[in-house]
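Those sequence lines, one after another, are chains S and Z.
Anchor point for the first sequence: position 58 equals 65 in my numbering, and the numbering is continuous, going up by one each time.
Anchor point for the second sequence: position 87 equals 123 in my numbering, and the numbering is continuous, going up by one each time.
In this text, a Cβ means the ideal position worked out from N, Cα and C, and glycines have one as well.
Values in this document were obtained by computation on a predicted structure and should not be read as measured data.
Below: one structure, written as structure tokens.
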Amino acid sequence: MPLHDVGYRAWDGLKSSRLLRWWVVATVGIQLAFRSSWLSRTLIVSWIPAVVIGVGFFAYEQSIVNPMLREGISGLVGVATGDRELVSLVRQNPEEMREKVWASLVLVFFRYPQAIVMLLVVGIVAPKLISYDLRNRGYLLYFSRPLRVWEYILGKSFVIWFFLALITTIPALVLYVIGVFLSPQLNVILLTWDLPLRILAASAILMLPVAAVALACSAMTIESRYAAFSWFAIWVVGWVSYSVLSVGDRIRLVQENAATYPRGAGRMQAMEMNDFQSRWELLSPYHLLGRAQQWVFGLYPEERAIWPYLAVLATVTVVSLWFVHRKLRSRLQA
Amino acid sequence: MVQPTEIIALNGVTKRYGRRTALHNVSLTVGPGITGLLGPNGSGKSTMIKSLLGLLRIQAGTASVLGYRLPRDLRAIRDHVGYLPEDDCFIAGLSGIESVRFMARLSGLEPVEGLRRAHEALDFADIGQERYRNVETYSTGMRQKLKFAQAIVHDPQLLILDEPTSGLDPEQRASMLRKIKNLAAQHGKSILISTHILHDVRAICEQVVIMAAGQVRLVDSLENLSRPAQRGMLVRVESTRSVTVDSPFPDAERLLNELLHHGWQCELRRDGSLWISGIDEQDCRPIWLAARRCEVQVKQLSSAKNSLEAIFFQAVQETQHAVA
């Protein structure tokens with residue numbers, strides 16, 4: 008009991024805009040997610056690759072002013088990006104290739120370390136977001152307030168977007184700023200002004216479908232562990248399906264290019280880096296996102312069509328959100 | 037805000053779940069004050085409440101709450117209504133204070149104001165230091181109080197309480213009923229209580245709605261319902277004489293004979309009480325005199341009232357017969 012019991016008191020203060028109620032859902036979701044010690048650890052670890060790529064930016068900028076470093080750096084660019092053509096161009100004129108190298112390094116950052124971290128972070132955060140509300144009937148508390156279903160979904164999505172931004176967008180933008188500061192000339196800003204915008208676009212391409220699919224997994228069940236399992240299963244099954252089904256495409260590619268590439272173990276590797284693209288990539292979320300991000304950073308081959316990848320991502324996003332909406336509505340109608 | 041005269045108005049509302057009709061052409065008007073919503077399980081009480089909050093879509097009819105039309109003014113309705121769900125529901129991971137503050141913020145209160153108001157609501161709901169504990173560790177009674185605090189945190193004009201006293205011990209139950217009564221009497225809140233506990237309705241409600249088989253069977257004030265069909269007094273006497281098989285209530289029978297002898301219309305009921313027709317409380321003196329004459333001790337002398345239980349069972353049975 009309070010020391011001084013004032014009893015019930017009326018309240019007639021000003022209310023916040025109804026349009027911002029989703030923000031309340033988002034902030035509480037973020038606050039709750041941060042209570043996981045595993046998440047905090049993963050977030051700390053997720054910034055380590057940014058440091059490594061940052062060192063790459065530094066080294067690249069040093070190679071522009073110091074030709075002695077050029078050979079080694081071009082080799083590292085080759086290892087990081089797998090683009091042999093880029094390696095030879097960097098060797099010739101690194102300053103001219105700066106924009107492409109920066110974009111490639113940021114893409115590498117998105118594609119490899121952050122893709123794994125993203126899988127883990129979303130796997131920790133997302134499964135509980137809706138499944139807990141379904142299990143504990145929290146949805147009755149939400150929807151007896153002035154909150155629409157789509158605002159609830161927006162709030163929950165924002166929680167995932169926030170953590171994805173924390174591990175991809177923000178470090179990538181920090182990398183860009185580091186690159187600018189380490190650059191010997193200030194005109195680098197004029198040359199690379201579009202890179203921050205590409206980072207934002209690549210983040211959006213990552214965040215929208217990922218959040219939608221993760222929420223769909225969470226809305227599918229009242230057990231968060233099943234939601235987590237289905238989240239990881241989608242990626243693993245997609246990857247494995249792609250790997251198995253693309254074997255035929257790989258064999259055909261080898262046969263078609265037998266004359267172009269030398270015999271031996273290096274043939275497959277050489278071909279994979281530059282040319283290999285299978286239609287089965289559409290089955291793998293990892294490859295789908297990778298191609299779309301590659302396109303955003305201007306590194307996607309111009310002669311190939313990107314629209315199937317974007318269409319699949321858009322369809323997956325819309326279907327997932329529709330599923331979440333339907334699940335919540337059916338719970339309310341029950 | 038001026039309270040409308042019709043707090044809840046339903047007109048021909050029908051709600052179906054597949055082939056099953058949960059609400060069948062329900063028309064109802066609820067005025068200010070405390071209204072008890074009674075009915076057996078599956079009578080459509082919860083469906084009606086959820087429909088009023090727009091949680092369920094009605095298939096036919098019109099409904100308004102506090103003068104706001106459903107579903108057009110759904111957000112305005114939810115702004116002005118506090119809801120205590122029957123189900124055990126909570127936001128996992130939050131403490132009591134965080135939960136109430138969260139609900140306040142969802143209702144539009146700013147962060148600091150929401151926290152201040154959440155503390156006030158929890159104080160009123162008798163949740164002390166437990167407010168800092170995770171809600172998952174709360175007992176059933178504590179969760180009930182928490183839901184009550186969540187329902188009142190934004191100072192709603194109308195409170196819809198679905199089984200507010202379930203899971204509470206007798207002391208907590210009495211306290212909860214006092215609080216509900218206080219909200220209506222002192223703060224002008226209109227309250228709709230859905231419950232199975234007739235005692236709770238009798239204790240605090242001014243109006244009663246009885247539902248059965250998806251239909252409203254009866255709407256009236258508790259005062260009107262309690263009034264018997266005919267004037268009369270109920271007398272209970274102390275048993276001081278030995279009981280026999282032929283005479284199970286000897287004292288009552290003595291008084292009955294005495295009253296009949298003096299021309300009163302009265303009868304002995306199965307529970308041993310006497311029903312004397314045609315008199316009011318101010319005409320009781322002859323009864324006392326008759327009791328003295330036949331040496332019977334009067335234990336209780338009260339104006340006759342209908343029991344809510346009897347009204348409830350009658351309404352439900354009528355529906356069952358109609359359905360059969």
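Classify residue i as buried or exposed, calling it buried when 16 or more other Cβ atoms lie within 10 Å of its own Cβ.
i                      : result
residue 101 of chain S : buried
residue 242 of chain S : buried
residue 299 of chain Z : exposed
residue 335 of chain Z : exposed
residue 205 of chain S : buried
residue 353 of chain Z : exposed
residue 278 of chain Z : exposed
residue 109 of chain S : buried
residue 300 of chain S : buried
residue 75 of chain S  : exposed
residue 113 of chain S : buried
residue 143 of chain S : buried
residue 108 of chain Z : exposed
residue 156 of chain Z : buried
Check the Cβ-Cβ distances between residue i and every residue of chain S, and say whether any is below 8 Å.
i                      : result
residue 235 of chain Z : no
residue 123 of chain Z : yes
residue 186 of chain Z : yes
residue 84 of chain Z  : no
residue 146 of chain Z : yes
residue 366 of chain Z : Residue 366 of chain Z lies beyond the stretch modelled for chain Z, which goes from 37 to 360, so this question has no answer here.
residue 191 of chain Z : yes
residue 119 of chain Z : yes
residue 128 of chain Z : yes
residue 213 of chain Z : no
residue 156 of chain Z : yes
residue 111 of chain Z : yes
residue 115 of chain Z : yes
residue 349 of chain Z : no
residue 49 of chain Z  : no
residue 209 of chain Z : no
residue 153 of chain Z : yes
residue 268 of chain Z : no
residue 219 of chain Z : yes
residue 160 of chain Z : yes
Examine chain Z for any beta-carbon lying closer than 8 Å to the beta-carbon of residue i, and answer yes or no.
i                      : result
residue 13 of chain S  : yes
residue 164 of chain S : no
residue 139 of chain S : yes
residue 35 of chain S  : yes
residue 133 of chain S : no
residue 39 of chain S  : yes
residue 85 of chain S  : no
residue 280 of chain S : With a pLDDT of 48 at residue 280 of chain S, under the threshold of 50, the modelled position of that residue is not reliable, and no figure is offered here.
residue 143 of chain S : yes
residue 232 of chain S : no
residue 28 of chain S  : yes
residue 105 of chain S : no
Give the residues of chain S in contact with residue i, contact being defined as C-beta atoms less than 9 Å apart.
i                      : result
residue 92 of chain Z  : 339 and 340
residue 197 of chain Z : Going along chain S, no residue has its Cβ under 9 Å from residue 197 of chain Z, so there is no contact; the nearest lies around 12 Å.
Counting only Cβ pairs nearer than 7 Å, list the residues of chain S close to residue i.
i                      : result
residue 139 of chain Z : 148 and 152
residue 149 of chain Z : 20
residue 89 of chain Z  : 151
So which residues on chain S does residue i lean against when the C-beta distance must stay under 8 Å?
i                      : result
residue 143 of chain Z : 22, 152 and 153
residue 16 of chain Z  : For residue 16 of chain Z there is no data in the structure shown, the boundaries of chain Z being 37 and 360.
Kindly identify the DSSP beta-bridge partner or partners of residue i.
i                      : result
residue 41 of chain Z  : Answer by DSSP bridge pairing: none, since residue 41 of chain Z is not bridged.
residue 98 of chain Z  : Z/47
residue 248 of chain Z : Z/251
residue 104 of chain Z : Z/101
residue 288 of chain S : Looking at the DSSP assignment, residue 288 of chain S forms no beta bridge with any residue, so it has no partner.
List the endpoints of the continuous alpha helix (DSSP H) containing residue i.
i                     : result
residue 47 of chain S : 44-53
residue 82 of chain S : 77-88
Name the chain Z residues whose beta carbon is nearer than 8 Å to that of residue i?
i                      : result
residue 221 of chain S : Within chain Z, no residue comes near residue 221 of chain S; the closest Cβ sits about 18 Å away, beyond 8 Å.
residue 31 of chain S  : 138, 141 and 142
residue 17 of chain S  : 191 and 223
residue 42 of chain S  : 129
How far does the beta strand (DSSP E) with residue i in it extend, from its first residue to its last?
i                      : result
residue 311 of chain Z : 310-313
residue 336 of chain Z : 334-339
residue 125 of chain Z : Looking at the DSSP string, residue 125 of chain Z is not in any beta strand (DSSP E), and its letter there is neither H nor E.
residue 56 of chain Z  : 56-66
residue 303 of chain Z : 302-304
How would you list, in chain order, the residues of chain Z whose beta-carbon sits under 9 Å from the beta-carbon of residue i?
i                     : result
residue 25 of chain S : 111, 115 and 144
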